[in-house]
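Notes for the one structure printed next.
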Amino acid sequence: MSTRLSTAGRLIDTAKPIKFSFNGKTLQGYAGDTLASALLANDQLLVGRSFKYHRPRGVVAAGAEEPNGLVNLGSNGTFEPNQRITTTELFDGLSATSQNHWPSLEFDVGSINTHLARFLPAGFYYKMFIHPRPLWKHVYEPFIRQSAGLGKAPKDRDADTYEHFNCTVDVLVIGGGIAGLAAAAEAGRTGARVLLIEQTAAWGGRAVVDQPTIDGQTAADWVTTTLAGLAAMENVDIRTRTMGAGVYDHGYVLAYERLRDHAPKASGPRHRLWRIRARQIVTATGAIERPLSFAGNDLPGVLLASAVRDYAVNFGVGIGDRTVIATNNDDAYRTALALHDAGLQVPVILDARAKGGGELADQARAKGIRVENGKAIASVKGGKRVTGVSVCLQAGQGAVLEEISCDCVAMSGGWSPVVHLWSHCGGKLTWDEAQAMFRPNNDRPPTGADGEAMVIAAGTANGHLYTAEAIADGWSAGRAAAHAAGFTAKPEAIPDGSDVPELPLTPVWMMPQGAGYDLRSKSWLDFQNDVKVSDVQLAAQEGFESVEHAKRYTTLGMATDQGKLSNINGLATLSGALNIPIPSVGTTTFRPPYTPISMGAIAGVARDDLFQPIRKTPISGWHESNRADFEPVGQWRRPYAFVHKGESVHDAVKREVTNTRTNVGLLDASTLGKILVKGPDAGRFLDMLYTNMMSNLAVGKCRYGLMCSENGFLMDDGVVARIDDDTWLCHTTTGGADRIHAWMEDWLQCEWWDWKVYTANLTEQFAQIAVVGPKARQVLEKMGGMDVSKEALPFMQWADGTIGGFDARVFRISFSGELSYEIAVPASQGRAFWDALLSAGAEFGMMPYGTECLHVLRAEKGFIMIGDETDGTVIPQDLNLGWAISKKKDDYLGKRAQERSHMADPNRWKLVGLETLDGSVIPDGAYAVAEGMNPNGQRNTQGRVTSTYFSPTLGKGIAMGLVLHGPDRMGEVIEMTKGDGTYIKARIVDQVFYDKAGEKQDV
Amino acid sequence: MLILECPYCGVHADETELAPGGEAHLKRFGPGSDIDDFEGYLFMRENPKGLHFERWRHAYGCGKWFLAARCTATLEVFGTYPAQSAEPPQSIKDAITAKRPGWSWRDFA
């Protein structure tokens, strides 16, 4: 029976009871409890079902390494799955439910899988579901998806807030155990700016549980004294509940602070992501105890020996009345002594070492505890919890010597330093044969920008398991880190720890060492992903010999605990199966974060309005108050259409198109890129950038130009205006402005750096408004000012002047095929000018239009759009734009590429217009099918649609597309896919559907 | 996340301030060039685990392009220098030699 002991726990306050619920049942714990300790105090040993076999699972550990204790926490806006109960602090009103079972935790239908385990070995899914292929999509995948996953995804918006915090420190110390405290104290003494972070709510790590003597005090007193010293240093900051999540390039560290997971009713953000730049990092991250592999080691009631001790000492919780201890080292004897002190029984300590333990073993024997050397657990008895163990010889095959009844098993397979943070950014490991552990290779640390070490491992994380060594190592790490960051102080006394001497451990990777398949197939390595010793051996047998392959084949270490308990045991098992030494097997890659961090913390405040910057034109306010239906274009939001009351968006687009063609429309074109290119070599430069000639453009005139990448592909287009002798204004697409400006700078700075050219991106300096339609001139003439007649300002020219009292630059250019003026005014005048145009245009039926109308107008005229007709694989020649490619120039960007054989291939698909026979609209993305099938059983294709719209002007669907030999096949009818297995017939026609002669724009 | 010093404005710029631009010291081959030369210019890139020369732009700073010599394996930075350099300056070469004696990269050594 798992229950609260009469001896008080170190961390709990029995004067402050707390109510919480688990699976709807109301339970009581105390302030200072974790959810795990509170559940255990209520005899709730069973906390979940395993992933694959749905076996009953209980708490194994007491910290971040816990694989089984994952629950759903909260509800609605605070609901979160996969919360680790050992790191969840108890609070009043906490509500948790268990995961991965149906219909209930106690009775789970899926547990049938455990009886099928023989038929569900490693790689089962790969082997079983690969054939026949068609069954995958409709049968296998939905079935597997149904049973996959542990928790459920939240359905509601996250009600909490999160934030990021940037800081720079000289020395960052990660881990608040004695080594970390010693490091921070020593680094702090030098005057360095120090940040010390600890993932739990309490300081002192394991030392305060086991209470060795430090500097003549108990460890707890030493911790208190040291903390007081740190608090008094102005250059030192200390933070609990803050986990070092990842170490990255050049001293960049992410830390994850849980501000009010333990106090959800408090105000402020829930989590804070610390983005730290540290000159030096000390990883004093401690060590994690390894489980032992014996049959039934996954039953509820089998825990790590250190965890059993933690629950007793920290929380006053006894997991069982009778605890059998299985170990290969001396440390687990401390658990026996602690339980004995708490008044609980330890029927036997099974020490796998033939010669047994040292001084701690003697202490246990002195207390009357039975100690059996060279003995092991053959199997654990019980169903939903431990009822006993059968004992065997470690050296044998598992013949049962005796059965001992118990309700808890505490196991210890030795300790593994937490090397994750050391390894994240390239720190290498070395195999320590004597201690059977991977520890940091201090000769190959992660390096910083100067090529020198930027991380120092300290304490048990550096493989020093003794108190005296760990604390001295922490002290010297702090000193070395401060020194490397440029700070020194006169040395004072090194903290002095004392230890009970221990005998070395004996590596035990299987218990008993000669266990047969029957036992191995019930010995778990990875509790969360249900990987057994036999699975890893099968992987090796089937040729998955690389540790990375074996990991993926078996899923060992791929669960949310990232194999904190299982990795080393798994490696050792693989090493045994392959008969090669452990260091030759190597480890899998450690990747951040150390434990999962919330998505909210990663996002910080970048959500809703702050998700990304929104660029607004000076006229945006008008759009917002006039029913604009917005669409994102790059970081701009542009009106898609202005929807009148009673209209659908589609109706609005039709109205806007018709009104622009018959009266006059108004477009906010301010987002168009406007890049000024100026200097003695500007003409020469633009001749290199554009496929056509720009140097010979006359002052006052405009010319449409194309830009290609060095690969020859069309990347941007726009109208260029010659402003004066050495100045050109280049218009780019809305999305292309910044990119093209950067592109220009790249060539000017990196290739033609001796050319005298300056560029300036003026996009946001001007509001640009297009006045478009047959009555456009009448509107401008009514406003008065400069002469906008055909004679004074012909098509494809520009002029400076005033319109209605506004200083304006007017371009006679048209993207619609109508009489059109694009008028630029200073950005500050944009809104006033827009309003003035609207009021002058009212009598002419002027209406603003959005981007969709713009698209329909240009498609009716057969004008291409970057991003529709182009996709990064299209050259201007494909789009019949050969006329815009200068034959006179020796060179332009993309010219050499366009000479390549594939670019000159007559079989490239070319642009044509497409018209359905029945007047309907071809679906977006439709392909033109050709005869026959390809080797994948799909129809062959001979083209695809690039733009497709309903044309209100023509009253039918129109489209442009790239078609094999298209321009030579005018009038031919081809079939286009509709996406539902049927086809639509379309005729190949000229791409210009409206005003083929181009008369309307040139009036 | 790397930190590189912009040789123009002197700022020790965080990687988030920078835009990467691929390999440095490429020679452009234009119209009339041999197909192999052109292929090399357009597509063939060094991919070393070790010393590398790269183009970076201080995109959210002064806007200037610059070049960096660094080790892709250890993340050590040997130095940054202006983009208007046909080859790494001697000081950068010396800094590399000090740490990686006998180094070579394409035509440089």
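So the sequence lines, in the order shown, correspond to chains A and B. Position 631 of the first sequence, counting from 1, maps to 631 under the working numbering, and the rest follow consecutively. Position 67 of the second sequence, counting from 1, maps to 10067 under the working numbering, and the rest follow consecutively. The C-beta atom is built at its ideal place from N, Cα and C for all residues, glycine as well.
**Asked** If you run the structure through DSSP and keep just helix, strand and coil, what is M688/A?
**Response** To locate residue 688/A, count along the first sequence from 1; it is residue 688. Looking at M688/A - three-state DSSP - the assignment turns out to be helix.
**Asked** Any C-beta of chain E sitting closer than 9 Å to the C-beta of G10061/B?
**Response** Chain labels in this structure do not include chain E; the protein chains are A and B.
**Prompt:** Taking the Cβ atom as the reference point for each residue, do V313/A and A41/A lie within a distance shorter than 9 Å?
**Reply:** Residue 313/A sits at position 313 when you count from the first residue of the first sequence. Residue 41/A sits at position 41 when you count from the first residue of the first sequence. Cβ atoms of V313/A and A41/A: not closer than 9 Å.
**Asked** What is the C-beta distance between V536/A and A480/A, in whole angstroms, given that I count them as a contact (C-beta under 8 Å)?
**Response** The count along the first sequence starts at 1 and reaches residue 536/A at position 536. The count along the first sequence starts at 1 and reaches residue 480/A at position 480. So it is not a contact: roughly 39 Å between Cβ atoms.
**Opening and closing residue of the beta strand (DSSP E) in which M960/A lies** = To locate residue 960/A, count along the first sequence from 1; it is residue 960. Taken as a continuous stretch (DSSP letters only), the beta strand (DSSP E) holding M960/A covers 956-964.
**Asked** So what does G785/A bridge to, in DSSP terms?
**Response** Position 785 of the first sequence holds residue 785/A. In DSSP, G785/A forms a bridge with I803/A.
**Asked** Taking just the CA atoms, how far does A399/A sit from A540/A?
**Response** For this step, residue 540/A is matched to residue 540 along the first sequence. For this step, residue 399/A is matched to residue 399 along the first sequence. About 27 Å.
**Message:** Using the three-state DSSP reduction, which class does W747/A fall into: helix, strand or coil?
**Reply:** The residue labelled residue 747/A in the question sits at position 747 within the first sequence. W747/A falls in the helix class under three-state DSSP.
**Asked** CB-CB under 6 Å to G718/A, same chain, minus the five flanking residues each way: which ones, in chain order?
**Response** Here the question's residue 718/A lines up with position 718 in the first sequence. Answer for G718/A: H731, T732, listed in chain order.
**Request:** Report the three-state DSSP secondary structure of A840/A (helix, strand or coil).
**Result:** Your numbering for residue 840/A matches position 840 in the first sequence. If DSSP states are grouped into helix, strand and coil, A840/A belongs with the helices.
**Item:** Strand pairing of R317/A, partner residues [DSSP]
**Value:** Looking up residue 317/A in the first sequence gives position 317. A small fix is needed here, since residue 317/A is Val in this sequence, not Arg. R4/A.
**Request:** Report buried or exposed for E938/A, applying the criterion of at least 16 other Cβ atoms within 10 angstroms of its Cβ.
**Result:** By 1-based counting over the first sequence, the position of residue 938/A is 938. Residue identity check: residue 938/A is Gln in the sequence provided, not Glu. Result: exposed.
**Request:** Take the Cβ of N529/A as the centre, count every other Cβ of all protein chains shown within 10 Å, and call the residue buried at 16 or more, exposed below.
**Result:** To locate residue 529/A, count along the first sequence from 1; it is residue 529. Its Cβ being crowded by 16 or more others within 10 Å, N529/A is buried.
**Message:** Restricting to Cα atoms, I'd like to know which of G683/A, R84/A, G700/A is closest to D726/A.
**Reply:** The sequence position of residue 726/A within the first sequence is 726, counting from 1. D726/A has its Cα closest to that of G683/A, out of G683/A, R84/A, G700/A.
**Message:** Residues in the same chain with beta-carbon distance under 7 Å from S695/A, minus the five sequence neighbours each way, listed in chain order, please.
**Reply:** Here residue 695/A corresponds to residue number 695 of the first sequence, with the count starting at 1. Answer for S695/A: G683, R684, L686, D687, listed in chain order.
**Prompt:** Exposed or buried, which one is I10035/B when buried takes at least 16 other CB atoms within 10 Å?
**Reply:** Residue mapping note: residue 10035/B aligns to position 35 of the second sequence, counting from 1. I10035/B comes out exposed.
**Prompt:** Candidates T168/A, G543/A, P581/A: which alpha carbon is nearest M437/A's?
**Reply:** Looking up residue 437/A in the first sequence gives position 437. For the residues T168/A, G543/A, P581/A, the minimum Cα distance to M437/A belongs to P581/A.
**8 Å contact criterion, which N569/A and T588/A should meet: CB distance rounded** = The residue given as residue 569/A occupies position 569 in the first sequence. The residue given as residue 588/A occupies position 588 in the first sequence. Not confirmed; about 13 Å, so no contact.
**Request:** Note the first and the last residue of the continuous alpha helix (DSSP H) segment covering F10098/B.
**Result:** As a working mapping, residue 10098/B is identified with position 98 in the second sequence. Per the sequence shown, the amino acid found at residue 10098/B is Ala instead of Phe. Note, A10098/B: alpha helix (DSSP H), 10090-10099.
**Prompt:** Among Y594/A, G894/A, T573/A, which one has its Cα closest to the Cα of V585/A?
**Reply:** Translated into positions along the first sequence, residue 585/A becomes position 585. Nearest C-alpha to V585/A: T573/A.
**Message:** Comparing C-alpha positions only, which one of P680/A, E710/A, T763/A sits nearest to K756/A?
**Reply:** By 1-based counting over the first sequence, the position of residue 756/A is 756. Per the Cα distances, P680/A.
**Asked** What's the C-alpha gap between L360/A and D331/A?
**Response** For the purposes of this step, residue 360/A is identified with residue 360 of the first sequence, where counting begins at 1. For the purposes of this step, residue 331/A is identified with residue 331 of the first sequence, where counting begins at 1. Distance between the alpha carbons of L360/A and D331/A is about 8 Å.
**Item:** Reference F844/A, options V720/A, N166/A, F91/A, N663/A, closest by Cα
**Value:** In the first sequence, the residue the question calls residue 844/A occupies position 844. When only C-alpha atoms are compared, the closest one is N663/A.
**Asked** In this structure, what does DSSP give as the bridge partners for F766/A?
**Response** For the purposes of this step, residue 766/A is identified with residue 766 of the first sequence, where counting begins at 1. The partner list for F766/A (beta bridge, DSSP) reads P826/A.
**Message:** In this structure, how does DSSP classify F91/A when only helix, strand and coil are distinguished?
**Reply:** Taking the first sequence and counting its residues from 1, one reaches residue 91/A at position 91. Of the three classes helix, strand and coil, the one that applies to F91/A here is coil, per DSSP.
**Request:** Kindly identify the DSSP beta-bridge partner or partners of D526/A.
**Result:** Translated into the one-based positions of the first sequence, residue 526/A becomes position 526. Its beta-bridge partners are V531/A.
**Message:** At the level of alpha carbons, what is the spacing between S648/A and D629/A?
**Reply:** Reading the first sequence from its first residue, position 648 is the one you call residue 648/A. Reading the first sequence from its first residue, position 629 is the one you call residue 629/A. Straight-line Cα distance between these residues: approximately 11 Å.
**Message:** Just to confirm the assignment, what range does the alpha helix (DSSP H) spanning T506/A have?
**Reply:** Within the first sequence, the letter at position 506 stands for residue 506/A. Per DSSP, T506/A belongs to no alpha helix (DSSP H) and is neither H nor E.
**Q541/A in three-state terms, based on DSSP** = One-based indexing of the first sequence puts residue 541/A at position 541. Note: Q541/A maps to helix in three-state DSSP.
**Request:** Given a cut-off of 9 Å, decide if G204/A and I238/A are closer than it, judged by their beta-carbon atoms.
**Result:** Here residue 238/A refers to the residue found at position 238 when the first sequence is read from its first residue. Here residue 204/A refers to the residue found at position 204 when the first sequence is read from its first residue. Cβ distance not < 9 Å, so I238/A and G204/A don't count as in contact.
**Request:** Can you grab the Cα-Cα spacing for the pair E710/A / P923/A, in whole Å?
**Result:** Stepping through the first sequence from its first residue, residue 710/A is reached at position 710. Stepping through the first sequence from its first residue, residue 923/A is reached at position 923. Computed Cα separation, rounded: 33 Å.
**Prompt:** How far does the alpha helix (DSSP H) with H650/A in it reach, from first residue to last?
**Reply:** The residue given as residue 650/A occupies position 650 in the first sequence. Unbroken alpha helix (DSSP H) run through H650/A: 649-662.
**Prompt:** When Cβ atoms are compared, which residues of the stretch 750-766 of chain A fall closer than 8 Å to chain B?
**Reply:** C750, E751, W753
**Asked** Are the C-beta of R10057/B and some C-beta of chain A separated by less than 9 Å?
**Response** Your numbering for residue 10057/B matches position 57 in the second sequence. Yes, its Cβ sits closer than 9 Å to a Cβ of chain A.
**Request:** Starting from T26/A, follow its DSSP beta bridges and name the residues at the other end.
**Result:** What you label residue 26/A is simply residue 26 of the first sequence in a count that begins at 1. Looking at the DSSP assignment, T26/A forms a beta bridge with S21/A.
**Prompt:** Around the C-beta of L854/A, are 16 or more other C-beta atoms found within 10 angstroms, so that it is buried, or is it exposed?
**Reply:** Position 854 of the first sequence, counted from the start, is the residue given in the question as residue 854/A. Classification for L854/A: buried.
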